[in-house]
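S.K.:
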Amino acid sequence: MLKQIEGSHAVAEAVALCRPEVICAYPISPQTHIVEGIGEMVKDGQLKNCEFINVESEFAAMSVAIGSSAAGARTYTATASQGLLFMVEAVYNASGLGLPIVMTVANRSIGAPINIWNDHSDSLSQRDCGWIQLFAETNQEALDLHIEAFKLAEELSLPVMVCMDGFILTHAYERVDMPTQAQVDAFLPPYEPRQVLDPAEPVSIGAMVGPEAFMEVRYLAHAKQMQALELIPRMAKEFESVFGRVIGGLTRTYMADDAETMVIAMGSVLGTIKDVVDEMREQGHKIGVLGITSFRPFPLADVADALRNCKRFVVLEKSLAVGIGGIVATNVRMAVTGMGLKGYTVIAGLGGRAITKKSLHALFVKAERSELEPLTFLDVDWRVINRQLDRERQKRRSGPAAEAMLRDLGMVAAKIA
Amino acid sequence: MDKPFAITLKPGSSLANHTGSWRTMRPVYVDRLPPCNATCPAGENIQGWLLHAESGDYEKAWRSLVQNNPLPAIMGRACYHPCEGACNRTRLDEAVGINSVERFLGDEAIKHGWKFDAPAKASGKRVLVIGAGPAGLTAAYHLQRLGHQAVIYEAAEHAGGMMRYGIPKYRLPRDIIDAEVQRILDLGVELRLNTKVANLAEAMKEGFDAAFLGVGAHIAKRAYIPAGDADKVLDAVSVLRGMEGESAPLLGRRVVVYGGGNTAIDVARTAKRLGAEESIIVYRRTREKMPAHDFEVEDALKEGVSIKWLSTITEAGLSETGGDIMVEKMALDANGFPQPTGEYERIEADSLVLALGQDTDLSLLDNVPGLVTANGIVQVDASMMTGYPGVFAGGDMAGNDRTVTVAVGHGKKAARAIDAWLRNEQHEPDPKHELATFERLNTWYYSDAPKTVRPVLDIIRRQSTFEEVLGGLDEGNALFEARRCLSCGNCFECDNCYGVCPDNAVIKLGPGQRFQFNYDYCKGCGMCATECPCGAIAVVAEDI
Amino acid sequence: MSLQPIKFYQTGTFTVGNRLLAPEERSVQANMQRTNSLNSGHRACQGCGEALGARYAIDAAMNATNRQLIAANATGCLEVFSTPYPETSWQIPWIHSLFGNTAAVATGMAAALKVKGRSEVRVVAQGGDGGTTDIGFGCLSGMFERNDDVLYICYDNGGYMNTGVQRSSATPPAARTATTMAVGDAPGNVFGQGKFVPAIAMAHEIPYVATATVADLRDLEYKVTKAMGMHGARYIQILVPCPLGWGTPSSDTIRMARLAKETGVFPVFEAENGEVTAVLKIRKRLPVEEYLKPQKRYAHLFGKQPRVDTIASIQALADKNIRKYKLLEEGI
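Residue numbers (this note's numbering), protein chains in the order written: chain V, 323 to 739; chain Z, -12 to 531; chain A, 17 to 348.
1) Does DSSP classify Z/I405 as helix, strand or coil?
2) For the region 524 to 542 of chain V, list every residue whose C-beta sits within 7 Å of some C-beta in chain Z, in sequence order.
3) Please state if the CB of V/A684 and the CB of V/R634 are separated by a distance shorter than 8 Å.
4) Tell me, please, which residues DSSP counts as bridged to V/Y398.
5) Beta carbon of A/G204, beta carbon of A/H316: below 8 Å?
6) Which one of A/A190, A/Y341, A/G290 has the shortest CA to CA distance from A/G200?
7) Strictly under 8 Å for the Cβ-Cβ distance: is V/G662 near chain Z by that measure?
8) Could you tell me which chain A residues have their CB closer than 7 Å to the CB of V/P521, listed as they occur along the chain?
9) For A/V230, which of helix, strand or coil comes out of DSSP?
10) State buried or exposed for Z/H99, treating a residue as buried only when at least 16 other CB atoms are found within 10 Å of its CB.
11) Taking DSSP as the reference, what is the three-state secondary structure of Z/W575?
12) Just checking my contact of Z/L124 with Z/P57 at CB under 8 Å: how many whole Å lie between their CB atoms?
13) Taking Cβ-Cβ distances below 8 Å as the criterion, which residues of the region 385 to 412 of chain V are in contact with chain Z?
14) Cα separation between Z/H5 and A/G210?
15) Going residue by residue through the region 85 to 158 of chain Z, where are the continuous beta strand (DSSP E) segments of at least 3 residues, counting only ones entirely within it?
16) Of all the options Z/A469, Z/M277, Z/A380, Z/S451, which has the alpha carbon lying nearest to the alpha carbon of Z/E264?
17) Looking at A/F282 and A/A276, is the spacing between their C-beta atoms short of 8 Å?
18) Taking the continuous alpha helix (DSSP H) assigned at Z/Y485, which residues delimit it?
19) What does DSSP give as the partner residues of Z/S338 in its beta bridges?
20) For A/C155, go through chain V and note every residue whose CB falls closer than 9 Å to its CB, in chain order.
21) Taking only the alpha-carbon atoms, compute the straight-line gap between V/D441 and V/V636 and give it to the nearest angstrom.
22) Using 10 angstroms around the beta-carbon of A/L156, count the other beta-carbons present and answer buried if the total reaches 16, otherwise exposed.
23) Which of the three DSSP states is assigned to V/G367 in this structure?
24) Just grab the DSSP bridge partners of A/H220 for me.
25) Does A/G347 come within less than 8 Å of chain V when only Cβ atoms are used?
26) Would you say Z/C519 and Z/N483 are within 8 Å of each other, going by their C-beta atoms?
27) Alpha carbon to alpha carbon, what distance is there between A/M218 and V/L622?
28) On the DSSP bridge assignment, give the partners of V/N376 in chain order.
29) Can you have a look at Z/F324 and say buried or exposed, based on whether 16 or more other CB atoms are within 10 angstroms of its CB?
30) Please classify V/E343: is it buried, with 16 or more other beta-carbons within 10 angstroms of its beta-carbon, or exposed?
31) Are the beta-carbon atoms of Z/N181 and Z/E144 separated by less than 8 Å?
32) Is DSSP giving Z/E518 helix, strand or coil here?
33) Is there at least one Cβ from chain V nearer than 8 Å to A/G124's Cβ?
34) Below 7 Å on C-beta distance, what does V/V484 contact in chain A?
35) Taking the runs of the beta strand (DSSP E) that are 3 residues or longer, which of them lie wholly in the region 223 to 274 of chain Z?
36) Count Cβ pairs between the region 436 to 450 of chain V and the region 12 to 31 of chain Z that sit closer than 8 Å; are there 3 or more?
Right, dumping it as structure tokens:
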């Protein structure tokens, strides 16, 4: 059924169709509309057999999710940014215990300085937490991935994070095709936990494991993600057969066949990139796109395959590994080890900085001409940066950098000396 | 369940980890000797029989009791219960009323007609018992139960000895004596009354393999007191014995009793009941020094008996009518001995009763080779055997501690020794356990419960009748009293050790079976021993 | 009275069992078929109060729920000594997640059971004082205010014993820990700090709050049983002396708990909907020295020059408890 609705609401409806049994809610922008939407459905009785719990923190949200999942309930929560960081200890714990929780991360930057706008710093900070991480390109994909995520999580007994760009997707009203309950039921069987707290068959979950077995446990966690590499494409096909739509498996390519330059990215920015690529193709540039849907597990083989025929690649990512450069780029480079490709890392759109077609166009052309630095920060104001760096060189205590820079930009009243 | 590796574990799997290897100290269950048992002259296992009484199984309690003492109803009245003096509970509130529970059990047995367990297989041996007092009756009882034929020769008309002829009725009703004696006879013990043995050697020839002497001490000691009218000077033994005759002794309106023992008290109280307006005890020392039990003194005072402390009688029979005595005031010297002061007082008296102790008639022992007497007492070894092999002695004639309870203890001890002797063996008593002192207890676990006061006959009736002064307990308060027992040194299955072990290393074996340590898991923390209310767990060093 | 006294003389009802009581009047621990929820083979120190308290409490909860119980457990001694791979001592469905989230995990468990329609299965959460009063306090308070159907049991031994005896917000004043050393002018833990979580729990007006000690088993079992008969958020804090942290002989764990209660240092009471409804009276009042002196963590108070001032301050705190909770029959 086609609907013109907000991204968050689309996800809320999709999650509701998955018949979740426990939902933990703690507000943080830009995730709020999702749980608000589900909460309303629980409250008005549309969504039955579901406990909607207003918790006191994200840490509690994930912890409640751990408890309910371990006790056999299909469990969902959503967060973003600082919230994800606040629950980190529990995030690792959920995957360590193998609990198939599904969580939406409405991607947002991480402070300080505090910033509510979109980038991928939050999810990517959790790249090693043991969860599966799927990135949605569109609102349609966001809702579809949630349906897939429950099935994937429960099949593997592993938690899944569905990442969608904050505001850009969550708050965007777009047309989506909402599946029917029957379709979802056909695709997603009821939750059969692999392990459960049940007096009929007691177990102790969460033992302390020492050096004698810890490595094996960690390897098994890795092996499970390797299984996911096989399962995700299969599940995407199954999804297509039930819902008649193609969703991102591990990766997706666009105009890649004869591309000499490949642009690699995740999330909604792929739409802008594809627009630029379309324009550049018309101008005769051999440029294509590789979109990564599954960041964890990272599909090394698929990425290598997709880049096998190109000459260079540009990883455009909304995250920064401070002190080294790109996060996605580092992963991509590992995939192409030994392939002799020229690779560029472009950090873009941090904290909601707009990524314009114009800038992308110029960027890609520079890459084609090998004029691009290995690490590029797209559209930063070098005047501001250099002035601050100068100031700091002159004076050891130059005051808060962000404030000084803002003052340079004229955004703070110059009352403060 | 397809459990994730290492993270999820099968329940209870820690049983594979034997934490007993950590242990440096090991708890062990012990039975310590309760102070009551340790003190009982009759060697009763008091804590043992109270344990059964606590659960209301009075017959079992009685059967446990009579393993040592066949006279509980008598003992429950006549015993001066040193056990209660030793009772650890005195440190908490008051001693357990052991004596009253014993009497209750004895009375229950009489009421229900409980009989002793049948004797062991007959040995064919015959043992002569001389004297049917507490020592003789007890010896005969034990001998009979051990399979020997006991035959008692008793000089008096009735069995009981001093229990009948020395203890007033108001303390020990005669039907009680009759019932307990009869029960012993029902075992097959032969009793020949009015049979005085003049010559032991001769008597032994009547087919006896061994003999037990328990003739008592019936001869009153006299002191020289110048007396005008000797008729008015009596002795306690004859007064009390006279009470068993057709007519009671004539003591008059004012009676003076001379002496400080329990017998003096008995006589004074008897005199009061016979109608004396004044019954005065004259004693040369102070109340603290008086050999009579304090509660007896207290009862006597309550009944109107008066006592002149630090006084001796120097002369009697002063008045025309026969009575009146001269009393000299005494003072204690540095060593606590009374010394005359030269101060005199004259007391009106219709009669003077001397209660100065008793001696034994040892004439029957003439011509027994090897038998030694000293100070009027027959000398016996640790097994109660006299210098003549096969002849044993006990009771008042064999010691200075002359109580019914001591006599019962002697009788038992001698019977066991005789049994061994008849088999050419030496009786070896079981080694005594370590004493269960108060410090061994964890009294937190006992709730406060003051001693039940037995119903006491009101004073008016006590002054005029020979009805029993002390009543018995009824079933309710007997149970209460029994349950006041702290079970010192002996497990009473309170489940504390089973409960307080942090390692589940105590195995509960079920009712009456007590507990066992599971040394596979016991880490030796010692909490079980600390929290055992009765001190029945010891902690010993582990051999490492 | 929180504990109905049974007229019984030899041992009162202070003992674990007693052959003379009817089986239904004996404690759960006296039962030959008790669950032993925390079984033998665990690696708790000798004389561990927490191991004892946990078995007491969980066995009672198992008994009260007809063995339909699942539990969440905070990181800490109890977790570490009970479930080192490859062995667990637990006989019940049990989960350990983190140090600070146990109340929330239990909330999730209860929610799952509710939505699954398994009302017969009940949830217990448990942790030490560090996991409860400090790091887990946010989740605990959240669980309380939502009135989630969880009994949370805090085993209070007054410090972080698992990590080597550091101070927690439940460490009593003047006590020496590895982070409140017995040095300087005011040795040991600071006066005027710390929190008494049962009172804070009461402020949430949850259905049931109680304190107990391992020295009063009947009282402890009564409270756990009562709590399991109720729904909503419930909290029981059990004083569990730690031989290691307190510096007491392993054989004296229960004795120390008893002294804590008898001196008034640890008030034993219960409260419903925010109001105290009953207290366990002091049977025989003792001065705090009796409690402090056997513990090495207070040894600095009894040196060559005894710290009478400090002891008096601790006595004043005990006296306050006695007044506040009316721990004596006739007051002070």
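Ideal Cβ placement from N, Cα and C applies to all residues, glycine included.
M.R.: To lay it out plainly:
1) Position 418 of the second sequence holds residue 405 of chain Z. Z/I405 falls in the helix class under three-state DSSP.
2) P524, V525, S526, I527, G528, A529, V531, A535, E538, V539, L542
3) By 1-based counting over the first sequence, the position of residue 634 of chain V is 312. By 1-based counting over the first sequence, the position of residue 684 of chain V is 362. Their beta carbons are not under 8 Å apart, which means V/R634 does not touch V/A684 by this criterion.
4) As a working note, residue 398 of chain V is residue 76 in the first sequence. DSSP, once it has assigned bridges, lists V/I345, V/V424 as partnering V/Y398.
5) Position 188 of the third sequence, counted from the first residue, corresponds to residue 204 of chain A. Position 300 of the third sequence, counted from the first residue, corresponds to residue 316 of chain A. In contact: A/G204 and A/H316 (Cβ atoms closer than 8 Å).
6) Residue mapping note: residue 200 of chain A aligns to position 184 of the third sequence, counting from 1. Here the closest residue by C-alpha is A/A190.
7) Taking the first residue of the first sequence as 1, we reach residue 662 of chain V at position 340. Chain Z, which has no Cβ nearer than 8 Å to the Cβ of V/G662, makes this no.
8) The count along the first sequence starts at 1 and reaches residue 521 of chain V at position 199. Those within 7 Å of V/P521 in chain A are R83, Q84, L85, I86, P109, V137.
9) The residue given as residue 230 of chain A occupies position 214 in the third sequence. Note: A/V230 maps to coil in three-state DSSP.
10) Translated into positions along the second sequence, residue 99 of chain Z becomes position 112. When all chains shown are included, Z/H99 counts as exposed.
11) An answer regarding residue 575 of chain Z cannot be provided, because it is not within the stretch -12 to 531 covered by chain Z.
12) Residue mapping note: residue 124 of chain Z aligns to position 137 of the second sequence, counting from 1. Residue mapping note: residue 57 of chain Z aligns to position 70 of the second sequence, counting from 1. The pair is a contact, with the Cβ atoms about 7 Å apart (cut-off 8 Å).
13) none
14) Mapped onto the second sequence, residue 5 of chain Z falls at position 18. Mapped onto the third sequence, residue 210 of chain A falls at position 194. Those two C-alpha atoms are separated by around 39 Å.
15) 113 to 117, 136 to 140
16) Translated into the one-based positions of the second sequence, residue 264 of chain Z becomes position 277. Per the Cα distances, Z/S451.
17) Sequence index remark: in the third sequence, residue 276 of chain A carries index 260 (1-based). Sequence index remark: in the third sequence, residue 282 of chain A carries index 266 (1-based). The answer is yes: Cβ separation under 8 Å.
18) As a first step, residue 485 of chain Z must be located in the second sequence, where it is residue number 498. Note, Z/Y485: alpha helix (DSSP H), 483 to 487.
19) Indexing the second sequence from 1 puts residue 338 of chain Z at position 351. Note: Z/S338 sits in a beta bridge opposite Z/V242.
20) Translated into the one-based positions of the third sequence, residue 155 of chain A becomes position 139. V377, E378, S379, F381, A382, S385, V386, listed in chain order.
21) The residue given as residue 441 of chain V occupies position 119 in the first sequence. The residue given as residue 636 of chain V occupies position 314 in the first sequence. In a straight line, the C-alpha of V/D441 is about 18 Å away from that of V/V636.
22) Within the third sequence, residue 156 of chain A is the residue found at index 140, counting from 1. Buried is the call here.
23) Stepping through the first sequence from its first residue, residue 367 of chain V is reached at position 45. Residue state, collapsed to three classes: coil.
24) Taking the third sequence and counting its residues from 1, one reaches residue 220 of chain A at position 204. Per DSSP, none; premise fails for A/H220.
25) The residue given as residue 347 of chain A occupies position 331 in the third sequence. With a pLDDT of 44 at A/G347, under the threshold of 50, the modelled position of this residue cannot be trusted, and the question is left open.
26) Here residue 519 of chain Z refers to the residue found at position 532 when the second sequence is read from its first residue. Here residue 483 of chain Z refers to the residue found at position 496 when the second sequence is read from its first residue. For Z/C519 and Z/N483, yes; Cβs fall inside 8 Å.
27) In the first sequence, counting from the first residue as 1, residue 622 of chain V sits at position 300. In the third sequence, counting from the first residue as 1, residue 218 of chain A sits at position 202. Approximately 56 Å between the Cα atoms of the pair.
28) Along the first sequence, read from residue 1 onward, the residue named residue 376 of chain V stands at position 54. Answer is V/A347, bridged to V/N376.
29) For the purposes of this step, residue 324 of chain Z is taken as residue 337 along the second sequence, with counting starting at 1. So Z/F324 counts as exposed.
30) By 1-based counting over the first sequence, the position of residue 343 of chain V is 21. When all chains shown are included, V/E343 counts as buried.
31) The residue given as residue 181 of chain Z occupies position 194 in the second sequence. The residue given as residue 144 of chain Z occupies position 157 in the second sequence. Yes; because the gap between Cβ atoms is below 8 Å, this pair is in contact.
32) The sequence position of residue 518 of chain Z within the second sequence is 531, counting from 1. Z/E518: helix per DSSP, three-state reduction.
33) By one-based count along the third sequence, residue 124 of chain A stands at place 108. Chain V, which has a Cβ nearer than 8 Å to the Cβ of A/G124, makes this yes.
34) Counted from its first residue, the first sequence places residue 484 of chain V at position 162. None at all; the shortest Cβ gap to chain A is about 20 Å.
35) 241 to 245, 265 to 269
36) no
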